[in-house]
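Contents: one structure, followed by commentary.
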Amino acid sequence: LLNYGIDELRFTKPVYAGTTIHVRFTCKEKLPQELKDETDVPKGIVKWYVEIFDDSEDPIVGVATILTMVKMQSQV
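First residue of the sequence shown: 78, per the numbering used here; consecutive thereafter.
See below:
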């Protein structure tokens, strides 16, 4: 698992120091990447929609799209 970047990060209200936050990840998209050569490991990019809640479970305080690179599971 490799953090590949953060897109579309938005905070809809302030989050102060000491605030406990909770997040919910939802898989939006999986994109396979081409192998560079025969020794390359099969992998792809996963786009996650992330909802950020504060400790009072108020409406969402922020949203983001996080990109991760993951090794593909072998087909059985």
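Ideal Cβ positions, reconstructed from N, Cα and C, are used throughout, including at glycine.
TODO: Using three-state DSSP, classify residue 109 as helix, strand or coil.
DONE: strand
- [ ] Check each candidate in 118, 122, 94, 95 and name the one with the smallest Cα separation from residue 104.
- [x] 122
Task: Ranges of the alpha helix (DSSP H) found wholly within the region 78-104, counting only runs of at least 4 - done: none
- [ ] Flag this pair as yes or no: are the beta carbons of residue 132 and residue 89 separated by less than 7 Å?
- [x] no
- [ ] Using beta-carbon positions only, say whether residue 146 and residue 79 come within less than 7 Å of one another.
- [x] yes
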